[in-house]
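Take a look at the structure below.
4 protein chains.
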Amino acid sequence: MKVGIVGATGYGALELIRLLKNHPRVEVTEIVSHSHHGERLSDLYPHLTKVIERPLIEYDLSYLEKAVDILFFATPAGISKSLVPEVLETSLQCIDLSGDFRLLKKDYEEWYGKEAVASDMQENAVFGLAEIYKDKIRQATFISNPGCYSTAALMGLIPIIKTGLGSKKGIIIDAKSGTSGAGRTLSRMTHFSEMNDSLVPYKFGKHQHTPEIEYYLSKEASKEVTVTLATHLVPMTRGLICTMYVPITQPTTTKDIWQLYKDFYTNDPFVRLHPIGSMPQTKQVIGSNYVDIGIHVDERSDQVIIVTAIDNLIKGAAGQAIQNMNLMNDWSIQEGLEFSPIYP
Amino acid sequence: MKVGIVGATGYGALELIRLLKNHPRVEVTEIVSHSHHGERLSDLYPHLTKVIERPLIEYDLSYLEKAVDILFFATPAGISKSLVPEVLETSLQCIDLSGDFRLLKKDYEEWYGKEAVASDMQENAVFGLAEIYKDKIRQATFISNPGCYSTAALMGLIPIIKTGLGSKKGIIIDAKSGTSGAGRTLSRMTHFSEMNDSLVPYKFGKHQHTPEIEYYLSKEASKEVTVTLATHLVPMTRGLICTMYVPITQPTTTKDIWQLYKDFYTNDPFVRLHPIGSMPQTKQVIGSNYVDIGIHVDERSDQVIIVTAIDNLIKGAAGQAIQNMNLMNDWSIQEGLEFSPIYP
Amino acid sequence: MKVGIVGATGYGALELIRLLKNHPRVEVTEIVSHSHHGERLSDLYPHLTKVIERPLIEYDLSYLEKAVDILFFATPAGISKSLVPEVLETSLQCIDLSGDFRLLKKDYEEWYGKEAVASDMQENAVFGLAEIYKDKIRQATFISNPGCYSTAALMGLIPIIKTGLGSKKGIIIDAKSGTSGAGRTLSRMTHFSEMNDSLVPYKFGKHQHTPEIEYYLSKEASKEVTVTLATHLVPMTRGLICTMYVPITQPTTTKDIWQLYKDFYTNDPFVRLHPIGSMPQTKQVIGSNYVDIGIHVDERSDQVIIVTAIDNLIKGAAGQAIQNMNLMNDWSIQEGLEFSPIYP
Amino acid sequence: MKVGIVGATGYGALELIRLLKNHPRVEVTEIVSHSHHGERLSDLYPHLTKVIERPLIEYDLSYLEKAVDILFFATPAGISKSLVPEVLETSLQCIDLSGDFRLLKKDYEEWYGKEAVASDMQENAVFGLAEIYKDKIRQATFISNPGCYSTAALMGLIPIIKTGLGSKKGIIIDAKSGTSGAGRTLSRMTHFSEMNDSLVPYKFGKHQHTPEIEYYLSKEASKEVTVTLATHLVPMTRGLICTMYVPITQPTTTKDIWQLYKDFYTNDPFVRLHPIGSMPQTKQVIGSNYVDIGIHVDERSDQVIIVTAIDNLIKGAAGQAIQNMNLMNDWSIQEGLEFSPIYP
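Sequences listed follow chains A, B, C and D, in order. Residues 9 to 352, numbered by the numbering used here, are exactly what the first sequence covers, in order. Residues 9 to 352, numbered by the numbering used here, are exactly what the second sequence covers, in order. Residues 9 to 352, numbered by the numbering used here, are exactly what the third sequence covers, in order. Residues 9 to 352, numbered by the numbering used here, are exactly what the fourth sequence covers, in order.
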């Protein structure tokens, strides 16, 4: 099948292109960029010399509708909301990596500071948290791919939230990410001389993944769940860890919670649960679609600590988008994604 | 006055030597190392060529007693507990940077896995959290210098704990430190090819600064306080941030808590409170003795978030030890420590 | 076909395992380690959980002879020289990533400080510089895989050396490598707190790749060529750049030398020549088997500057070893190696 | 004495401010910025909170002439050339950290691509290579401070060039610098996600320090000297190493050249010669004004290799500017600069 990628010059798009190169079932045939159409992607990104030689084209739905079967949007916030509604009137499968369709209208407007799509549009989108919503995704033609922090947080919290063991209030998500999550755009915060060797808390209380996380936790818990999300930039390129603290409503042990997670994810090939006493490190997942999880119950303070580690550009973006494409087309969820992490 | 440093080859000792070089009131005249005596420090550390030319000597209290006025111990855990008791019988002022005298006997044995000093020995030690225990330190002849995570955590939590606003349970300390906190000893975890570009949670539930933090928070609150401390290694050399979450017992605002901290630290020259909406970054304190604090009340979830940032080798070790020396000798607390952070 | 890897716990071996996982023609079925036999590779390297589950076995040639078709040695210096002679008596194809068979006996003893193999043994080895010695490699059953610096240097220098344009004396190779080239072994030089943010010249005049480079340059030039190789460690994990300076014997232009390299490598899919005015950066080749080359003639000083960039673990080790395996078996030289660089 | 700094918002200016804070003879009383006048420096640079509280002022020579005694220009290229001529008509001492007055008119125009000052203006400037031109600097009222690469290269090459031992042609300077040398300005090259973990050759054949280096080498040799300068960005913030290759005209030994350098710099407190067999690492000079030098004669290829390491912002800019100020005022050359390197 043929794939097109809109917004082909961002880091998420680069990963889609790189990962799909080895996918046995699809071929990326169209790469679309409004700001760079006519240029070759390898001119912008010399590392792609001999890898991708085709030119970037302008967005033209009537052409894409005939040229490809699957269309990925890897555009910045605010773009796909204008373009996707028309795409949904075609027979194209559509996967959107931006946040434009993840939230209810009022939340989007509050957190993104932009006007949102009409509510009914948003309701067409299936939230692409692959391991959790496999069945819905299989039926879908339009996926809203989760944010990177959301993926790590939800996969770490949903199992315990669903049991009722975890309190609905007081959940802390202390998130740490490499700089690629901030994207291509130049900024003082990501200027090498100022980011190197520094740990930088940012967007406290304002990160737009907060409503996304709460919405789906609340759905899974069938109760309203509130979280505190604090994000930090780490002087590394890739990798994302969420260290999450869940107050428990009754005493439990590391062994019991560990078993809960083992059972919950027993059929999910990309989820790896660390042995008790061991915690994930981001380097162990880089370049792969794995989600590594570590569990520790702090019996002294009645907190369950869950740590999830992902590659923010892969499981946090492009890899999960490909899992969703696989599910939508009834292929194995792992198709084209069976990469070993790259180490050291 | 003359200063001697025992255990002169560790990173904490290097910082003491470097900082004291410019202290107008003292001179480092003796540097002691059991494992490297006879060698020159600049042979181990070529960066000290022309800076320090004297040789390392063997530990000999009868000599040191006459040669210096102030003795710092920058030795690994387990050493000062054997040596300090005799030092206390002399007229030397003594400042211990290790953890050997910070805890009650039973806690030390539980958390450090070594036999502790006799309880009465530990009671002689004054805990050297400079801004908080100024008065006691002024009267002391023997200081137990706090651990790096403890300093950052306690300075961030004590103000709110003392008000009663903060809950005594459910306090989370998510700590992130550069690798110099792990010291000189080679280990797989700090092997460059494996630490670079990786975020590494470690010692979850086991970090020996936990009882230290709880003991002093409980003292300040006049109630038992429990914390959850989770530590992470960050791919940077220096810098330490604690992002701390305190559930509040009654609603409050960022403005109110900010004012509380402003008033609490109003006379402390090394404490810098970030404006509301801004958070500390480790790079902004590196090379200085500053403690930067940021406050954010997450009204959605009734959590106060306090972020403290320090240079783990300075305010987290050597700089605070020098503050304590200044207090013990009735000098200005800032004497010899008025360094600008080094930036970029 | 079945592949066995001896010395499966080093970084070069990890890369062989990772890259061969996706090779359509082979399967890694035996992983051998003397020091860790009986353990699972994923216990040593948690990133391999679910990727490689088999245990490490002890070296046993009579077993391996029947179990696999191709045997890679990724052992430290001094091991394969004892083991390979017997392997050559079997029908196994053998590729050695160490330096044990790269040099003449006297050079090995001088530069490696160990006793070398008998000369006739070394003469059996074909030097596995894939693009240059394709024909010999196709006929070989035993390959000595080049060192990482040697690969980068030889691929950058051989084209100009063969023309006679380049002087035989005065060739400078200023090499910069990430730390993974130094391997797994802990050392002060690669202790994170001391390597981070530092540029470290090392082994000046003593690097054992020097005789390797000179031997093959001299062969290609049919004259004795001497080089000066200076190596530096860079605070990054992967990547290797050689900036090479060749005094020219007659005036020339960047355009002419560029064309020379374009023609020389015109049929080599892994060689990418940068446009005039542009130079390679290591990040553009990481994770791939590409060799990026940049050319600049400094007419002011009659020097040709050639810059080559590779991933030291891939084109500098495992990737080239796989190219050689492909050639030995008459497969396409690119088989199983068509990876895009991983970016950012 | 009172000091003013023009262009107070760049990294070089930050270092001047930080270093002069501890200078016993001067006080920085005016900080000037055209683009940020009216703002406080600590608003742009929060690390300066409590360190520098004064506001940035607009450039006004009639005011500065009365307010300060010494004026530093830390402005980008092209600014001081317009402003300095008028300054020279006052009694102010003037030290310019930019390149505007370092070169002959024709060289400046060729290499900087801007119009240069009138030749007679340039001739008023004394080149501030402190150890080499001490005597001229003592007599001067206007110093043109050398570029960072130039300082490292000239201090490493002048001793051997003056002997006649070194060839006048074929000198290679392979330079590696941390990113702070590229300054505050945002660029793709210094965007963290793209600079991290990458070695980046840049400006080959075009770096504007080339004519500066050649001009002074030729002066010292009393013959025309040509060099090849190749510059590389390293993923670190500070530090600069030049690995330099000088073909020798007659055989010599490491011991002899080492002695030559020892004698040449015997009275220079900031120059540290590494023992034979040891090479400088940038981390050993960071935060200090030291110039570390290593010598190795490669007898196999008749090349003398000289390695110099400096902190590019200190000895490569601000520190050397302060040495020059000390000389101009007959103070000890080390006044206010006796900092230990900061390690680790």
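The beta-carbon is built from N, C-alpha and C at its ideal position, and this holds for glycine as well. Predicted model only: the values in this text are computed from it and were never measured.
For Tyr-269(D), the enclosing alpha helix (DSSP H) covers residues 262–272.
For Gly-107(B), DSSP records no beta bridge to any residue. For Ser-152(C), the uninterrupted beta strand (DSSP E) run begins and ends at 150–152, by DSSP.
The secondary-structure analysis by DSSP pairs Met-163(B) with nothing; it has no beta-bridge partner.
Of Leu-24(A), Glu-131(A), Gly-18(A) and Arg-146(A), the smallest CA-CA separation from Leu-79(A) is found for Leu-24(A). For the pair Pro-167(D) and Tyr-269(D), the Cα-to-Cα distance works out to about 6 Å.
Pairing Ala-16(A) with Thr-218(A), the inter-Cα distance amounts to about 27 Å. Only residues of its own chain outside the window of five on either side were considered, and among them Leu-91, Glu-94, Val-95 and Thr-98 have a CB closer than 8 Å to the CB of Leu-69(B), listed in chain order. Taking each of Lys-211(D), Leu-207(D), Gln-147(D) and Asp-300(D) in turn and checking the Cα distance to Met-163(D), the smallest one comes out for Asp-300(D). Of the candidates Leu-241(A), Thr-193(A) and Ser-88(A), Leu-241(A) places its Cα closest to the Cα of Pro-209(A). Close CB contacts of Asn-297(B) within its chain, under the 6 Å cut and outside five residues either way in sequence, are with Phe-278, Ile-322, Lys-323, Gly-327 and Leu-345 (chain order). The beta-carbon of Arg-26(B) is placed no less than 9 Å from the nearest beta-carbon of chain C. Taking the Cα positions, Ala-21(B) is about 11 Å away from Leu-49(B). Listed in chain order, the non-local C-beta contacts of Glu-73(C) below 7 Å within the same chain comprise Thr-98 and Leu-100, local neighbours out to five positions each way being set aside.
Per DSSP, the unbroken alpha helix (DSSP H) holding Met-336(A) starts and ends at 327–336. Judged by their CB atoms, Ile-103(C) and Asn-153(C) are nearer to each other than the 9 Å cut-off. Contact with chain C is found for Gln-311(D), since one of that chain's Cβ atoms lies less than 9 Å from the residue's Cβ. Neighbours of Arg-196(B) in chain C, taken as residues at a C-beta separation under 8 Å, are given in chain order as Leu-194. For Met-163(D), no Cβ of chain C is located within less than 9 Å of the residue's own Cβ.
Gly-18(B) is the residue among His-45(B), Glu-228(B) and Gly-18(B) whose C-alpha sits nearest the C-alpha of Arg-192(B). Annotation for Lys-184(A): the continuous beta strand (DSSP E) segment containing it runs 179–185. The C-alpha of Pro-352(B) is placed about 34 Å away from the C-alpha of Ile-145(B).
By a beta-carbon distance limit of 8 Å, Leu-165(C) contacts Met-252(C). Their separation comes to about 6 Å. Under the 10 Å beta carbon count, Gly-285(A) is surrounded by fewer than 16 other beta carbons and is classified as exposed.
When the alpha-carbon of Gly-178(A) is set against those of His-31(B), Glu-38(B), Glu-307(B) and His-42(B), the nearest one is in Glu-307(B). For Arg-280(D), DSSP records a beta bridge to Asp-300(D). Shortest Cα-Cα distance from Asp-319(C) to any of Ala-238(C), Gly-295(C), Thr-239(C) and His-44(C) involves Gly-295(C).
Residues of chain A with a Cβ closer than 8 Å to the Cβ of Phe-200(D) are, in chain order, Thr-187, Thr-198, His-199, Phe-200, Met-203, Asn-204, Pro-243 and Thr-245.
C-alpha of Phe-272(C) to C-alpha of Ala-161(D): approximately 36 Å in a straight line.
Counted as a single uninterrupted DSSP element, the beta strand (DSSP E) harbouring Thr-251(C) occupies residues 248–255. Look at the segment 34–80 of chain B and you find these whole runs of beta strand (DSSP E), each 3 residues long or longer: 35–40.
Leaving aside the five residues that flank Ala-75(C) on each side, the residues in its chain whose CB is nearer than 7 Å to its CB run, in chain order, Lys-10, Gly-12, Thr-37 and Glu-38.
Burial check for Pro-349(D): the Cβ neighbour count within 10 Å reaches 16 or more, so the residue is buried. For a Cβ distance threshold of 8 Å, residue set Ser-206, Leu-207, Val-208 and Pro-209 of chain A lies close to Gln-289(B), ordered along the chain. In the structure shown, the three-state DSSP call for Tyr-351(A) is coil.
Pro-209(A) carries a strand assignment under DSSP once its states are collapsed to helix, strand and coil.
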